[in-house]
Amino acid sequence: MTLDPRAQAGKLAQPHAIWGMLAQMKGSFMTDYMINTARRGALALFAGALVAALPLMSHAQDNTPMDPRLTTPGFLTVGTGDPVYPPWMLSNDPAGGEGFENGLVYALAAEMGFAPEQVVWVGQTFDQTIAPGAKPYDFSIQQISVTEPRKQVVSFSQVYFQPDKAVIALPGTAAETATSFADLRGLRWGAVIGTTDNDYLVNILGVTDAAIYNEQVDVFQALQAGQIDATLAALPTALFMTAVQVPDASIVALVPADENDSGHGLLFELGSPLVPWVDEALSAVIARGVVEELIATYLVADPDLPIIAE
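Using this note's numbering, the letters of the sequence shown map in sequence onto residues 287 to 596.
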């Protein structure tokens, strides 16, 4: 049988045509694959860069009024007592800005970049303030003494004020003629629960039977009613107390500072990341002499008050 070479050539040519088509398809597929791979790679790089940039975008707002670590970004939320008293805050109005503590807060807020209307106040009892746990504010200011036991459950700023302690008593009591700790131990004392004033009575003066109250106003009322003879308070509080709250009472003496009481500091939730920022602003405010000006304006004391040292 004779085969026609032309026919055979035609038959042999068909596989070559198929392979050519496959080659073209393969080339097109590879091109698309490479393009898609490049696109996916570019998208992956973009997504990676975006994820990497997110912390930087977040940190860019740190230490600004929009800091995401604030209780409410855009506002400085500050805890304090409810009610509040002069000379720490006047007219029971923290937002009024008149008084030692709210004057300090508004100076601090300005240093941190907040306008006065961006400061929000939250009232709490003193016992709630020093308790462990979450806080509904960025920091609190309420004549809070920095002590080692408190540092176990809350965080503090640097100390910004160390007040003297004063003995407040009604006339006609033995407090008026007291000259020693032994004399003071013979008085009927009252103090607020959880305060360094109460700690001082127990640990320094040796008073073990003081009447304990929830708030300073309760102590004022007990003294005015004659239920107690005396109480102990920071000198600025004592000045207001004897001028306004219990005008019949007087400051009969000062007592030495408690070595366990470092002075007043701002209180934060334990481990708050805001402490370094607030501390930096507080240092700037102190360096400018703001605290000294506030002391001279609101916390003036009689230099001739007697001191009972032991």
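A virtual CB, placed ideally from N, CA and C, is assigned to each residue, including glycine.
When the distance is taken between beta carbons, is residue j closer than 8 Å to residue i?
i: G492; j: R471; result: yes
i: R355; j: P542; result: no
i: F447; j: Y584; result: no
i: Y423; j: T357; result: yes
i: G476; j: Y499; result: yes
i: P359; j: F400; result: no
i: V364; j: W407; result: yes
i: S548; j: V445; result: yes
i: V503; j: T517; result: no
i: S466; j: E596; result: yes
i: I532; j: Q513; result: Per the sequence shown, residue 532 should be read as Val rather than Ile. No, they are not a contact pair.
i: A396; j: L362; result: no
Rounded to the nearest angstrom, what separates residue i and residue j at their Cα positions?
i: P404; j: N349; result: Per the sequence shown, the amino acid found at residue 404 is Gln instead of Pro. Those two C-alpha atoms are separated by around 15 Å.
i: D544; j: I593; result: 14 Å
i: L390; j: F425; result: 13 Å
i: V439; j: E384; result: 31 Å
i: L580; j: S441; result: 24 Å
i: A460; j: D534; result: 15 Å
i: A508; j: L456; result: 11 Å
i: L552; j: D353; result: 19 Å
i: I430; j: T463; result: 30 Å
i: E578; j: A393; result: 13 Å
i: D469; j: V564; result: 43 Å
i: P449; j: T482; result: 12 Å
i: G419; j: G458; result: 44 Å
i: D590; j: L556; result: 41 Å
i: A335; j: Y486; result: Low per-residue confidence applies at A335: pLDDT is 49, beneath 50, and the placement is therefore not dependable enough to give any value.
i: G382; j: N388; result: 8 Å
i: T494; j: N484; result: 10 Å
i: V576; j: T415; result: 25 Å
i: P402; j: D379; result: 14 Å
Quick one: grab the DSSP three-state call for residue i.
i: F467; result: helix
i: K437; result: helix
i: V271; result: Not covered by the structure: residue 271. The range shown for the chain is 287 to 596.
i: W374; result: coil
i: I427; result: coil
i: T411; result: coil
i: Q531; result: helix
i: I498; result: strand
i: I593; result: strand
i: L553; result: strand
i: S569; result: helix
i: F400; result: coil
i: I514; result: coil
i: Q444; result: strand
i: L473; result: coil
i: T583; result: helix
i: V364; result: strand
i: I416; result: helix
i: A524; result: helix
Just to confirm, does residue i get its C-beta within under 7 Å of one of the non-hydrogen atoms of the ligand PLP?
i: R436; result: Although the ligand PLP was asked about, the structure shown includes no ligands whatsoever.
Cβ of residue i less than 8 Å from any chain B Cβ?
i: G472; result: Although the question refers to chain B, the structure presented lacks it and comprises just one protein chain.
With contact counted as at least three CB pairs below 8 Å, one residue from each stretch, are the segment 567 to 585 and the segment 421 to 439 in contact?
no
Below 8 Å, can you find three or more Cβ-Cβ pairs linking the segment 532 to 546 to the segment 406 to 413?
no
Give a yes or no on contact between the segment 521 to 537 and the segment 371 to 380, applying the rule of three or more CB pairs nearer than 8 Å.
yes
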